[in-house]
Amino acid sequence: MSYFADAIAWILAGDTGLMDPIWLATVQQLLYTAAGVLIAAVVAVPIGWYIGHTGRGREVAVAVSGAARAVPSFGLLILLTLVLGVLHKPEAAVITFVVLAIPSILAGAYTGFEAIDRRVIDAGRSMGMTERQILWRIEVPLGLPLLVGGLRAATLQVVATVTISAYIGLGGLGQYIISGLQLRQVNVIIAGALLVAVLALVLDGLFAVVQHAVVARGVRAAAVASPLSSRASRRRRGRVEAAGVPTPS
Amino acid sequence: MTWVWDNLPLIGGLTLDHLRHSLIPLAIGFVISVPLGWVAWRYRLVRSGVVTITGLLYTIPSIALLILVPSATGWYTFLDETNLIVALTIYAIAILVRSVSDGLDSVDPGIRQASTAMGYGAFRRFWAVELPLAGPVVLAGLRVTAASTISLATVGILVGITNLGYLFTNGLQRRIIPEVLAGVVAVVVLALVIDLLLVLLGRLLMPWTRATRAPSARRSRAVVVGAGA
Numbered sequence: 048m049s050y051f052a053d054a055i056a057w058i059l060a061g062d063t064g065l066m067d068p069i070w071l072a073t074v075q076q077l078l079y080t081a082a083g084v085l086i087a088a089v090v091a092v093p094i095g096w097y098i099g100h101t102g103r104g105r106e107v108a109v110a111v112s113g114a115a116r117a118v119p120s121f122g123l124l125i126l127l128t129l130v131l132g133v134l135h136k137p138e139a140a141v142i143t144f145v146v147l148a149i150p151s152i153l154a155g156a157y158t159g160f161e162a163i164d165r166r167v168i169d170a171g172r173s174m175g176m177t178e179r180q181i182l183w184r185i186e187v188p189l190g191l192p193l194l195v196g197g198l199r200a201a202t203l204q205v206v207a208t209v210t211i212s213a214y215i216g217l218g219g220l221g222q223y224i225i226s227g228l229q230l231r232q233v234n235v236i237i238a239g240a241l242l243v244a245v246l247a248l249v250l251d252g253l254f255a256v257v258q259h260a261v262v263a264r265g266v267r268a269a270a271v272a273s274p275l276s277s278r279a280s281r282r283r284r285g286r287v288e289a290a291g292v293p294t295p296s
Numbered sequence: 725m726t727w728v729w730d731n732l733p734l735i736g737g738l739t740l741d742h743l744r745h746s747l748i749p750l751a752i753g754f755v756i757s758v759p760l761g762w763v764a765w766r767y768r769l770v771r772s773g774v775v776t777i778t779g780l781l782y783t784i785p786s787i788a789l790l791i792l793v794p795s796a797t798g799w800y801t802f803l804d805e806t807n808l809i810v811a812l813t814i815y816a817i818a819i820l821v822r823s824v825s826d827g828l829d830s831v832d833p834g835i836r837q838a839s840t841a842m843g844y845g846a847f848r849r850f851w852a853v854e855l856p857l858a859g860p861v862v863l864a865g866l867r868v869t870a871a872s873t874i875s876l877a878t879v880g881i882l883v884g885i886t887n888l889g890y891l892f893t894n895g896l897q898r899r900i901i902p903e904v905l906a907g908v909v910a911v912v913v914l915a916l917v918i919d920l921l922l923v924l925l926g927r928l929l930m931p932w933t934r935a936t937r938a939p940s941a942r943r944s945r946a947v948v949v950g951a952g953a
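Those sequence lines, one after another, are chains A and B.
Mind the numbering: the first sequence is residues 48 to 296 in our numbering, read in order.
Mind the numbering: the second sequence is residues 725 to 953 in our numbering, read in order.
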């Protein structure tokens, strides 16, 4: 356990030598993560909503997401770095993060729509809502918690991969792990690992709060009113979530 | 391409290492997750605890786990292949425990009561009725776990554990694009082959899923079409 004490002492001392200071590495880590997830969201959310609203293209999305899961992000990162040239490392890295984040966000977007009780949508239609109103006033608000769940999974995958990207000299919190391993400084390696783990846990916690906050008011009221239906809805939820299972990274 | 032909024995050897590093965690993870998943399904209180703990483990990036577990336990060094196997087993358990308890959730309570009425005890009912019926959901979880374990195993090279990930770091240092590409393709092919084997194994062990799936798929499609019209 003294290793951990040494690592924490190293973090508190704040003397990172030739490496970036901890605050800067944290900012780099967060900026790369945000860039990857936001670009992926711009691409994946409209496609996912289209699939969820029309039911078209679902098989293709599932197949592509399944195949993407098998692609090692570390390998893709290095491949793109070599193909694009060493001068374009940041671009290579962001493309990797986007590719990595798309499947989770896509699944979150369309499973969010699929989890909605069909009767709610039929009720909206019978009240005279247009397709656009059904999309924006029923499907988007009710699908939001699962979409945020997809964003949460994507963010965690990307934050882990940004860490690994320190191997190609991208900076971020991973630089302490990579440099520490090269210099055989165990306290620095463990310090880096602790910082990354804490950052991931904090991000996960923030997303958990957001995910809870975006549950529509009506849905929350219904859940309180009829606790008896919770078992059945849990079963349905389990089935829906199987499609969007996040993967560790 | 010539690089690939000249180095086939290297790729073959690394593939075998990679298989060992990913299949052992998958097998151990499955064996641990079945009883753990049952406990999580049976006892509500334990369930929320198990889901929280596995969720937290899940959250920790792989490279951090590869460093923190050996540092905390002191049982082995970073370089030891046991390190990678333990870390991947932890991730496998994190996914599979949820699959097992979700699978048990999907079993029709009527069937459970019927088997109890026929005289099955809790233990025999679990193995003969509940686990087989939970099978399709568990298999789906196992397929996700297999793909992510196989692709995640490559990260081991960063702490010095050699498998197909070696082709990435070595290819970068020597600037050989075909080497890195060969590594990516080998990992994807390996994942697809294992996925196919899991599907075949599922058909072999759960022949009833094939017989019942066709009509139920047609029915659900009819529902979707009906709703869209």
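Note that the Cβ used here is the ideal one computed from N, Cα and C, for glycine as well.
A quick note: this is a predicted structure, and the numbers were derived from the prediction, not measured.
If you ignore the 5 residues before and after L808(B), its C-beta comes within less than 6 Å of the C-beta of H745, G880 and I885, all in its own chain and listed in chain order. For R899(B), the chain A residues whose C-beta falls within less than 8 Å of its own C-beta are L129, listed in chain order. In chain order, I94, G95, I98, L153, A154 and Y157 place their CB closer than 8 Å to the CB of A108(A), counting only its own chain and leaving out the 5 sequence neighbours on each side.
Assignment of D164(A) by DSSP, reduced to helix, strand and coil, places it in the coil class. Note that the region 83-94 of chain A touches the region 194-208 of chain A; at least 3 beta-carbon pairs, one per stretch, sit closer than 8 Å.
A Cβ of chain B is located within less than 8 Å of the beta carbon of L228(A). Assignment of S746(B) by DSSP, reduced to helix, strand and coil, places it in the helix class. Assigned with DSSP and collapsed to three states, N887(B) falls in coil, not helix or strand.
Scanning L203(A), E161(A), A207(A) and Q204(A) for the CA closest to the CA of I185(A) turns up E161(A).
Neighbours of G907(B) across chain A, judged by C-beta separation under 9 Å: P119, G122, I125 and L126.
Per DSSP, reduced to three states, the secondary structure at D67(A) is coil, with no helix or strand assignment. Residues of the region 770-794 of chain B with a C-beta less than 9 Å from any C-beta of chain A: G779, L780, L781, Y782, T783, I784, P785, S786, I787, A788, L789, L790, I791 and L792, listed in chain order. Chain order gives no chain B residues near F160(A), where near means a beta carbon separation below 7 Å; the closest approach is about 12 Å.
With fewer than 16 other Cβ atoms from the protein chains shown falling within 10 Å of its own Cβ, T840(B) counts as exposed. The residue among I901(B), V909(B) and A811(B) with its C-alpha nearest the C-alpha of T778(B) is A811(B). In this structure F802(B) is buried. Its beta-carbon is surrounded by 16 or more other beta-carbon atoms within 10 angstroms. Boundaries for I900(B): no alpha helix (DSSP H) harbours it, and the DSSP string shows neither H nor E there. By the criterion of a C-beta distance shorter than 6 Å, I748(B) is surrounded in its chain by I809, once the five residues flanking it on both sides are discounted. Taking all protein chains shown into account, L924(B) has fewer than 16 neighbouring C-beta atoms within 10 Å of its C-beta and is therefore exposed. Between L896(B) and I211(A), the CB-CB gap reaches or exceeds 8 Å. For I874(B), the residues of chain A that pass the 9 Å Cβ criterion are A117 and P119, in the order they occur in the chain. Note on A846(B): under 16 other CB atoms within 10 angstroms of its CB, so exposed under the neighbour-count rule.
T210(A) reaches chain B at P785, I787 and A788, counting residues in chain order whose Cβ is nearer than 8 Å. F892(B) reaches chain A at F121, G122 and I125, counting residues in chain order whose Cβ is nearer than 7 Å. Counting the other Cβ atoms within 10 Å of the Cβ of R116(A) gives 16 or more, which makes it buried. With its beta carbon less than 8 Å from one in chain B, L248(A) belongs to the interface. Scanning the region 71-107 of chain A from its first residue to its last, no whole beta strand (DSSP E) run of 3-plus residues comes out.
For V853(B), no Cβ of chain A is located within less than 8 Å of the residue's own Cβ. Segment contact: the region 227-237 of chain A against the region 790-804 of chain B, three or more CB-CB distances shorter than 8 Å; contact assigned.
Sequence-distant partners of T813(B) (beyond 5 residues in either direction) whose C-beta falls short of 6 Å from its own C-beta, in its chain, are P749, I752 and G753. For T886(B), there are no C-beta contacts with chain A under 7 Å, since the nearest C-beta of that chain is about 14 Å from it. When secondary structure is reduced to three states using DSSP, Q232(A) falls in the coil class, being assigned neither helix nor strand. Under the Cβ criterion of 8 Å, L203(A) is counted among the residues facing chain B.
Three or more beta-carbon pairs drawn from the region 64-74 of chain A and the region 202-222 of chain A are found closer than 8 Å, and the two stretches are therefore classed as touching.
For A858(B), no Cβ of chain A is located within less than 8 Å of the residue's own Cβ. Your pair T783(B) and L203(A) checks out as a contact, with CB atoms roughly 6 Å apart and the cut at 8 Å.
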